[in-house]
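Step one of this worksheet: look at the structure below.
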Amino acid sequence: MENQPLPPPLASLKPSAAKPYPGPDTSSPRGNGRGWILALAILQAIGGIVVFAITQGSVEPHVAGIMLVFLLGLSAIYVGLWIWGKKAPFAALLTALIIFLTVHLLDAVFEPANLFRGIIVKVILVAGLSTALKKAYTKKREAELEASQS
26 MENQPLPPPL ASLKPSAAKP YPGPDTSSPR GNGRGWILAL AILQAIGGIV VFAITQGSVE
86 PHVAGIMLVF LLGLSAIYVG LWIWGKKAPF AALLTALIIF LTVHLLDAVF EPANLFRGII
146 VKVILVAGLS TALKKAYTKK REAELEASQS
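So for the sequence shown, this note's numbering puts the first residue at 26; every next one is plus one.
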């Protein structure tokens, strides 16, 4: 074996100036928080079908049907908000969060135990929507400031 050059020391592989992670890109359609609204729509649809299947034998058939229509209708509303979120992410996220909280608080009024069913998922969804809402608000304010300065 001939003498081959040694690889450069590992220290030279480090970046000279590490830049902090800027966070998600809210200027792209993927980074505007719409995914949280879509997650709500999908979970609501799945939940509606599961509730319908579980309650079908224990309640009147028309009551189970009404619950299914309500829950799938709510899912359709979230899909509409997801679509609207392309043009107005802040307003769509705010509306989705208000609807989500209102539905679950009203559900808790009539059946308090329901508030704690799926609490982890509810907390994750509220946290995700709130974070996305804050970012959308910041972006909206920046756009308004740019428009007023132009």
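The beta-carbon is built from N, C-alpha and C at its ideal position, and this holds for glycine as well. Remember, predicted model here, so these are calculated numbers, not experimental data.
Item, Value
"Looking at the secondary structure, which residues open and close the alpha helix (DSSP H) in which GLU169 lies?", "144-174"
"Count the CB pairs spanning the segment 144-163 and the segment 112-127 that are closer than 8 Å, and state whether there are at least three.", "yes"
"Below 8 Å on the Cβ atoms is my guess for THR80 versus ALA89; work out the distance and round it to an integer in Å.", "5 Å"
"Which residue from GLY82, ASP132, VAL104 puts its Cα closest to that of ALA66?", "VAL104"
"Taking 6 Å as the limit between beta carbons, can you name the residues of its chain near LEU63, skipping five residues before and five after?", "TRP107"
"Suppose only complete runs of 4+ residues qualify. What are the alpha helix (DSSP H) ranges in the segment 75-153, listed by chain order?", "86-109, 114-135"
"So is ALA138 buried or exposed if we call it buried at 16+ other beta carbons inside 10 Å?", "exposed"
"Report buried or exposed for ARG142, applying the criterion of at least 16 other Cβ atoms within 10 angstroms of its Cβ.", "exposed"
"Between SER173 and TYR162, what straight-line distance do the alpha-carbon atoms span, to the nearest angstrom?", "16 Å"
"Starting from the Cα of MET92, find the closest Cα among LEU126, SER83, PHE77, ALA101 and give me that residue.", "PHE77"
"CB-CB under 7 Å to LEU97, same chain, minus the five flanking residues each way: which ones, in chain order?", "ALA70, GLY73"
"Closer than 8 Å by C-beta to LEU122: which residues in its own chain qualify, once you throw out the five before and the five after it? Chain order, please.", "VAL151, LEU154, SER155, LEU158"
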